[in-house]
Structures are given as structure tokens and as C-alpha cells.
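Going down the list, the protein sequences come from chains Y, E and B. Last residue of the first sequence: 1577 (my numbering), numbering continuous. Last residue of the second sequence: 375 (my numbering), numbering continuous. Last residue of the third sequence: 254 (my numbering), numbering continuous. To start, the structure itself, in C-alpha cells.
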Amino acid sequence: MFYELLSTLQDANTQWVLLGTILLGIASGVLGSFALLRKQSLIGDAMAHAALPGICLAFLLYGTKSIGWFLVGAALSGLLATYFIQVIINHSRIKEDTAIGLVLSVFFGFGIVLLTKIAQTENGNQSGLDDFIFGQAASLVGNDVRVISAIAIVLLLVTWLLFKELKLFTFDRQFAKGIGLPTGLLNGLLMTLIVSAVVIGLQAVGVILMAAMLITPAISARYWTDRLDRMVIVAGTIGALSGMLGTILSSMANRLPTGPVIVLAATVIFLISLIFAPHRGLVSKGLKLYRIRKIVARETVLQTLYDLSEEVSITNKKIRFSKEALLSRRKMTVRKLDSNLKRLQKEGYVHHIKDMWSLTESGGSKAYEIVFNNRLFEIYTMYEMKFASLQFAANDVWDYRNIDSSTLKELEQLMAIHERTPKLAPKYFGKGETFRKENSSQSAKKRKKEVKSL
Amino acid sequence: MSYGAWIMLTGSLVGVSCGIIGCFLILRKMAMLADAISHTVLLGIVLAYLVSHSLEGIYMLIGAGIIGLLTAFLVQVLHSSGVQSDAAIGVVFTSLFAFGVILLSAFAGKVHLDVNHALMGEITFIPWNTLTIGGVDLGPSAVWMLGIVLIINLILIFLFYKEIKISSFDPAMATAIGIPVMFIHYLLMSMVSITTVASFDSVGAILVVAMLIVPGATAYLLTDKLLVMLLISAVIGVLSAIGGYYAALVWNISISGSMASIAGLIFATAFILSPRHGLLSKLLARKSIISERT
Amino acid sequence: MKMNPIQVSNLTVAYDRKPVLQEVTFQMPEGKLIGVVGPNGAGKSTLIKAILGLIPTASGSVEIYGKAYRTQRKLVGYVPQRGSVDWDFPTNALDVVLMGRYGHIGWFRRPGKKDTAIAMQALDKVGMKEYAGRQISQLSGGQQQRVFLARALAQDATVYFMDEPFVGVDAATEKAIISLLNELKAQGKTVLVVHHDLQTVKEYFDWTLLLNKRKIALGPTEEVFTVDHLQKTYGGRLAFLDTQVSPSYVVQP
Ligand SMILES: Nc1ncnc2c1ncn2[C@@H]1O[C@H](COP(=O)(O)OP(=O)(O)O)[C@@H](O)[C@H]1O
Ligand SMILES: [Mg+2]
């Protein structure tokens, strides 16, 4: 196995191919990130399909296979396709997805027509144009790789130089326009960069699967970071890794076509990111959700006991409640309620006499804090606009202790206006306990009587 | 029937089936999902072959149907786990398609199906591959398969017409009055899958997309009535097929490619000349407004 | 005993962890025109969607005339926000109104003569009879809203939910809609309308539900629509422009 790998890597031809696919992976990962953030991933797909007639026309006009002219033809027809898509969207009721599919399939159909025409010309058979449909990385020769590398390096250089502008343009086109950036020009530039990335990938990956090189590394990178500069680097790395893995695997297993193997390698990296990435991955999200659920269930039980106590406190009734009363207040399974009550009892927060449950003094102070925090959050959501300065992100955990004192005061005032200030101070539950002691001794007597009367 | 007539009949059946289904895809903004499905049925066909060891239509239909639904389902799953929808479509279709191609190459010796054929179809062979039952030649089997799929589609559309219509126009209202919107979605996706696989042999995976999207998009520019749109779309499908066939004869080019190109030309014509939604009429309207003002 | 047309108990809805509706409990009296008022993002649309079962709820229950919504669909008419559909859809006004009949027709059957007659009548009621055959993209905003209203009428419901029917319509349409709502009320129907123009609340609605994540107040408009309650609903974002005739309210952004 290892020996095989070594011998594969020593092959000069494989080295060329490897260099080509790695550079291609970097370039398409980087530019795919921009396409993804602009929600234009599928336009890359259209560009790739649309490149086919361009390549064929270049061959018909030039007469023989020439990587340089192919790239020019592919880029021109790719850009023409994006232009058509824009025109169709802007000047008719047809929506974006239909326009993309329409242009993509018609261009590709026309490409097929040209292919059959070329097959009939005298040097058509050895044109190797079929390779562009699925890609044929193995057929890359030194010259092709030199051209690909040169273009990839230019693309990366331009992106690096104009990174700030492209970033702004991608995030907020209006704002970019407002501060005087030439957005029309930037749009054209970005499209040209993307089309160039597509074009250099065609020979290795082919028109159909080229979309994956733009989309998959970029969407995978999204799982590892929130910042564009890092995302671009991660996407480039994932693209390079896919190119490398795909090339090595396919050259070791003789019959497998390189392009699809590269795509599957990228897909595997995507799945790993989707599942295992810290913070955003499914496992991490699932664990977080599980922890939150556990905390929330526990808090809910305490809060429900508090809410119920608060309600009956006005009439000075006893602050003990049956499980049914708790359940009627909050949706929860009986088992979950049982296990939480048991745990809370162990911690000394709740207390029960027969089937009636109540908060202890320490439970009361714990519940008070939870209720205070939750009701404050509620008030915040009511007046979100007013408290925009809090910058509270949807997946943060709300904690009143992180809020500055003047804002906290304001929130508390609003809470008072809405009569949502928790009414029962923790020590109330201490009093409740003495209550209960009297009551319980009474009920014990009563029970004795009952037993006697039997 | 003559050789040419069979080919035109096959093409027309593709045109009608795809044209009708395509209208709903366009109205539901799912053209790219259909594009994805048309690619991934390749995997369905290869798997069906590897499991059943036969190229019989029914196995192909089942395999493609399952993979088509799987595609729609995976896109939905990725989307609901937070992947933006265009990227979800892109990831799913490229990976399933790549997997299909790899399987095809790995079992190249065993599968009598080559990739070019799968992509571009081989409508010229259709008339030779006939269905014979009890020694009686019943005509090309592709025509039978397409005919049956067309009838299934028509029956389903007829039965669920109003449910499809309301869940396309106003899914919230449809849900509120108790229509199972998700069921309708997957029903349509199944129809796309079986239509694609039936058309696969004749026009290939990529050009099915042209037949699915272009006639419907053209019809969308020409009428404001859903039923008329379905009809026009079917007619344009047939016109593209027949026009494509003759163009291919004259210039000696790929029939399927030429069908897609003719469809594209018809669209371009409608895009410019459509009486209400065309570029020209819009320009004229603008001009007349300007001249009225001055 | 007469059942309440709408009974919402302890309704809580959250997107992710963020609560949008908190323990909302209320019952609506029959035969009233009820305005649902609250700031942007208060959860007004969410309330309607939760009642109609369009989004999952975290807890609580909804009853229409004492039974779960699922079994009472035919009693309920719905007018969604106008922007929620694609008006380029190839269909005409009559066809959209006929969609209101689908819930009554059931599977596999087509709208018949009777349904068409009901739909035409509904179009007539909103003053759109002449536009029955008009493609919907060629209608003005006000006309589109009327078509949606006609569709709800064609549902022949007893309880109506309408989400911001007055947004983006001309004055004539607003008048037409309000007189229609009054007519529905006269027939004993219950109509719940999400509304954001505070100026007209007193004029239009018998009852008002002030909502901001929680129920702030519910009751007859003259009792509920007070400065105190409004301040509670809108926070400090309300400025009072005292005029001689009646105080008018302006919501500051
Ligand atoms: N699908 C959704 N996903 C996440 N948040 C949502 C969704 N729909 C609404 N929200 C949020 O719920 C809140 C209430 O929305 P909505 O009911 O539309 O308010 P209203 O109709 O009163 O303006 C808003 O803060 C909004 O951002
Ligand atoms: Mg709303």
C-alpha cells in the first residue's frame, strides 16, 4: 500500500497532474466562497455547462487542440451565459432558478451539437473534446498544467489584492456603492474570476461536476469559521486536499476517473465538516442541544413551581402542588418531570409531602434567579429594537449578569410596568416551610384519627 | 411506421411529458431541483442494473424513482440543517452523480451502458430496440415506456390538479385547509424522476433538463392561464422534437443536442416577441409612454 | 352553553430558543370585529399561523368552537399577507377565489357550478366582479387584496383570520374592506384582523388584542385602547400628538 503510494507519487506524469488539481482546488475553493456567500453557487454550474460550446467553437475556429484558445472560448461563452441569465431575470417574469436551468441546458445542448459536428471533421477524432464532459485529469500534460497554474496564481493574486473590496461588495452591495466602489466593475471582475476558475477546472473535472469544486469546499469551510478571510483559506485548503486525495486515489485504482473521485473526496470532507465541525457541526450542535434541554427541563420545573406559588400567594393558600398541577402548566412527559423532581430533591431545592411538591428556601432562591433571568429576557424580546445595543445573538445564552447596570435598570423598570417582577422573595419559601411543618403535623394527626376510626 | 416517424414520435412524447411537468417546476421555483434529479437518476439506473442485472424499463423506473426521491429528500435535509438551498442542491447532485459515474467505470465490463450514451441519449437506436410479446413486434420499447409514463403523469395531474395548483400558488393557505403540501411535493418529484428516466434513453440526462425547463419557461411568457400554459408547453415540446429531428437530418448533427437548441431558439423568439411579456412589446410600451408625456 | 369561537390557552411559540409568543391565553367573544395590535415583530403573524397549525407550537392549545383546529378547518377562513404569494402565477381572479372552495370540495373533485356561483358572488361583494377574468399580476395592490378577501368569503367560514389586509391598499379599498368586515360581523361571524395603524383602531374594531410576545390586554376597544396599555405594548416608542378632537398616536421607529 505505502509502496504503491510512493511509486505513484514518483511518477512524473502524476506529479504534474497532482500539481494541477491542487492548484485548481485552491482557486475554486477561494472563488467558490464568494459565489456561495452571494447565493450564486448554481451560476457556477451554469458557467461550467455553458463552457462546452465555447470550447467547441474555439476548436472549430483554431483547428487543433490548444489549451489557451479553449480557455478563452470557455470563458467567453461562460460569461455570455451569465449575461443571458441576468437579461432573462431582469426583463421577464422568469425567476432566477428557471433562468439558470434554461441557459445551462440550452448552451450544453448546443455544445453537444457542435461536438457532433467536430467529430465529423478530419482531425475531430483526436480532438479529445469528449474529455471536457467528465474531465480527464490523467491526460493533463506539462503544458496544460503550466497554463492552469499560471491562471490559478493570477486569480489568487487578484483576489488577494482586492480582497477588501470584494469582501465589502459580497456582504453589502448597496453599502459598497454608497462609499463609492465601482460595483458594476467589481461584479464583472468577480464573475470573470469565477468563470476563470471554472475554466481551468474543466479539463480535470469536466463541465458537469465542476460545480462541486466551487460549492463543496466553500460550504464545508462555512462550518469551520464565520469570517470570510478564514473561510477563504479553509475553502482553498479543502479544495487542495480534495484535488490531492482524488488524484492519488484514482491513479492508484486504475480504472476510476479522476474528476468524480475528486468530487467524492470533497463530499467526504463536507460530510466530516457537517457532522464533526466544532460549534456548527451536527454532533456539537446535538450535544449542545442535549445539554440545553437538560438545563431547561430542570429550570422549567423550578420556574413552574415558582409561578404557581406566585399565583396562589395572593390568596395565601398553601404553596404545594401536585404533579398534575405542574404538568397542566408546562408540556413535559411524566417521566421527565419525575426524574427532574428526584434530582432537585437530592440537591435540596424541592421537597414533597405525599404527592404535593414545593420549593425549599434554597430552591426558592434558585428559582427566583431563574425566573428573574427569563422574565428579563422576555422583556428584552418585547423591546428588541430599543435594546439593539445589547447585540444579543440568537444562539447566545441570555444571562442578566452580563448586562451593564443602566440597561439592566431600564429592563427592570419595564418589567415592573408589565407586572412581571418576581413577587416572592426567596425567604418567602422559608416561611412556606414553617407553614408546611405546622400543616404536616396537623395532617399527621388527622391521619392518625382516620386510622383510628377505621 | 418509418424510421424517422418513430424517432419523431419518441421525441414528441419526451416533449409532451417533460413540457407538462416542467410548468409546475417553474411555477414552484424548483427548476434546479429538477436539474439535480435529472443528473442523479444516472446513479439510480446503474444501481438498478447492478441489483437486477437487466436493462428492463421497470427496474430503471424503480431505481430512478427511488434515487430521485432520495435526491429531493437529501436536499431538504441539508437545507433544514442550515445549508443554503442552492448549495444544498449543488452538493447533493454532484456527489450522487460522481458516485454513479464511478460505479459505471468500476463495473464498466459488466454494465452495457456507457456514460456518453447516458448523457446524450441515443435516439437513433430507439427504433431498433423493439418490444416483442409472443412473437408480435409492438414497436420500439422506448415509445411504450414514454407512453406509459406520460399516461401516469396525466392521470396524477388530473387527479391532483387543484391540490397541485393551490400548493404551488399559496402553500400556507393549502396547509391551512388541510392539503398535505409535502405529499404533493414528493409526488411531483417522483413524476420528475420517472419522466427523466423514461426520456433518458432517447435524449440523455442533461438534455432532459432542456426539455423540462425550456418549453415551460416559453409558455410562461405566452399565457396567463395555467391550463393553457400546460398545453402550449406540450406543443413547444413537440415542436422542439420535430424541429430538432429535421435540423439534425439537414446538418447531420446530434438529434438530442439539436432538440435542445431548437427549444432554445423558440424560447428566444418568445422572449423577444411575446405580445405581453416580450422584450419588444415592453420596449414599445415604454416608448409610447415617453411619447405620450412629451 | 355557547362555545367560544376562538379559545387559546397557554400558547407558547419559539423559534430556536427565542420565544416569540409567551403563554398567550385568551378567548374571543362571538360576532365581534377584533383588531390585533402590536409593534413589528410582536408575533402577530405568528399568532395566526400557530392558531392555523402552520407552525409548530412549544406548548398550549387552540380550540375553535371547542374543538381542535384540525377538525374545524371548514369553519375557518384565512387571509394571508399579500406579499406571501407570487402574483405572477398564471391564473385569474376568479380562479384564486375558487381556491377558497377547495377545502369544501374534497379530493379528486372539481369546483362545480355552485362553487363558481359562490365565488362570483364573493367577487361581487368586494366590488371585483368585472375583474373575474383578469390575470392576477395585472391587478393593483388594493385589487389583489380584495381578491384575497373574496377568497376568504368563498370559504364561507364562521371565524376569519386576516393578516394586515390594509397594508398597501388605496383608501377606497380600505373603506370597502371595512364595510365588508362589518357586514360579516352583522352576520354573527367573528373576525380577527392584524392591524398596525393605531389611528384607525378605535374606529374599526369593537375589541382589541394588544400583543407583544405576551398578551398585554384584551377587551372592548374603548377599555383596552388606553395610553397606559399602548405604552406597555410599544415601550417608549410612542409619541402622543394631542389634537383637539382626539389624541392620535404615532409610532416612532
Ligand atoms: N421562520 C422564522 N424563523 C425565525 N424567526 C422568525 C420566523 N418568523 C418570524 N420570526 C421572528 O418572530 C418574531 C415575530 O414575527 P411575526 O409574527 O412575523 O411578527 P409580526 O407579524 O407581529 O410583525 C420576529 O422577531 C421574527 O423575527
Ligand atoms: Mg406580520
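Virtual Cβ for every residue (Gly too), placed ideally from N, Cα, C. None of the values given here were measured: they were computed from a predicted structure.
Check                                                                                                                                : Outcome
is_contact[Thr175(E), chain Y] using C-beta, thresh 7 Å                                                                              : yes
beta-carbon Ser85(B) near ligand 2 non-hydrogen atom, thresh 6 Å                                                                     : no
Alpha carbon of Ala1174(Y) to alpha carbon of Leu1410(Y), nearest angstrom                                                           : 45 Å
6 Å CB neighbourhood of Val246(B) in its chain, flanking five on each side removed                                                   : Bear in mind that a pLDDT of 37 at Val246(B), under 50, signals an unreliable position, so the model cannot answer this.
Ligand 1 heavy atom lying under 6 Å from the CB of Asn213(B)                                                                         : no
Helix, strand or coil at Met1479(Y) [DSSP, three-state]                                                                              : strand
Through-space distance from Ile260(E) to Arg110(B), alpha-carbon basis                                                               : 14 Å
Opposing strand residues paired with Ala15(B) [DSSP bridges]                                                                         : Pro20(B)
Chain-ordered residues of the region 1529–1555 of chain Y with a beta carbon less than 8 Å from chain B                              : Leu1537, Ile1540 and His1541
Segment contact, 8 Å Cβ cut-off, at least three pairs: the region 242–249 of chain E with the region 156–167 of chain E              : no
Contact under 7 Å by Cβ, Leu99(B) with Ala123(B)                                                                                     : no
Contacts around Leu108(E), its chain only, beta-carbon distance under 7 Å, and the 5 residues preceding and following it disregarded : Ser249
Distance cut-off 6 Å: Thr47(B) Cβ against heavy atoms of ligand 1                                                                    : yes
Asp171(B) in three-state terms, based on DSSP                                                                                        : coil
heavy atom of ligand 1 below 6 Å from Ala43(B) C-beta                                                                                : yes
Residues in the region 265–278 of chain E having any Cβ partner in chain Y nearer than 8 Å                                           : none
Span separating the alpha-carbon of Asp1349(Y) from that of Glu165(B)                                                                : 37 Å
is_contact[Gln28(B), chain Y] using C-beta, thresh 7 Å                                                                               : no
Start-end ranges of the beta strand (DSSP E) lying completely within the region 184–261 of chain E, minimum 3 residues               : 211–214 and 217–221
Among Asn183(B), Ile217(B) and Gln146(B), nearest to Gly84(B) - alpha-carbon criterion                                               : Gln146(B)
Assigned exposure category for Asp1461(Y) - 16 Cβ within 10 Å defines buried                                                         : exposed
Euclidean distance between Cα positions of Thr209(B) and Phe226(B)                                                                   : 7 Å
Between the CA atoms of Ala1158(Y) and Ile1338(Y) - distance to the nearest angstrom                                                 : 8 Å
CA nearest to the CA of Thr1423(Y), picked from Gly1486(Y), Val1406(Y), Gly1369(Y) and Glu1542(Y)                                    : Gly1486(Y)
Assigned secondary structure, Leu219(B) (DSSP; H/G/I helix, E/B strand, else coil)                                                   : strand
Alpha carbon of Glu1470(Y) to alpha carbon of Phe174(E), nearest angstrom                                                            : 53 Å
Lys306(E) at chain B interface by Cβ criterion, 7 Å                                                                                  : yes
Test item: CB-CB of Leu1425(Y) and Phe1444(Y) under 7 Å                                                                              : no
Member of Gly1196(Y), Ile1166(Y) and Ser1481(Y) whose CA lies at the smallest distance from the CA of Ser1436(Y)                     : Ser1481(Y)
Straight-line gap, Asn11(B) to Val25(B) (C-alpha atoms, nearest Å)                                                                   : 5 Å
Whole-Å CB distance - Val1315(Y) paired with Phe1292(Y), under 8 Å assumed                                                           : According to the sequence displayed, residue 1315(Y) carries Thr and not Val. Not a contact, Cβ separation roughly 14 Å.
Alpha helix (DSSP H) segment containing Phe348(E), residue limits                                                                    : Ile336 to Leu354
Helix, strand or coil at Leu364(E) [DSSP, three-state]                                                                               : helix
First and last residue of the uninterrupted alpha helix (DSSP H) at Phe149(B)                                                        : Gly142 to Ala155
Interface positions of the region 81–93 of chain B facing chain E (Cβ-Cβ less than 8 Å), listed along the chain                      : Pro81, Ser85, Val86, Asp87, Phe90, Pro91, Thr92 and Asn93
Tyr1506(Y), DSSP secondary structure in three states                                                                                 : coil
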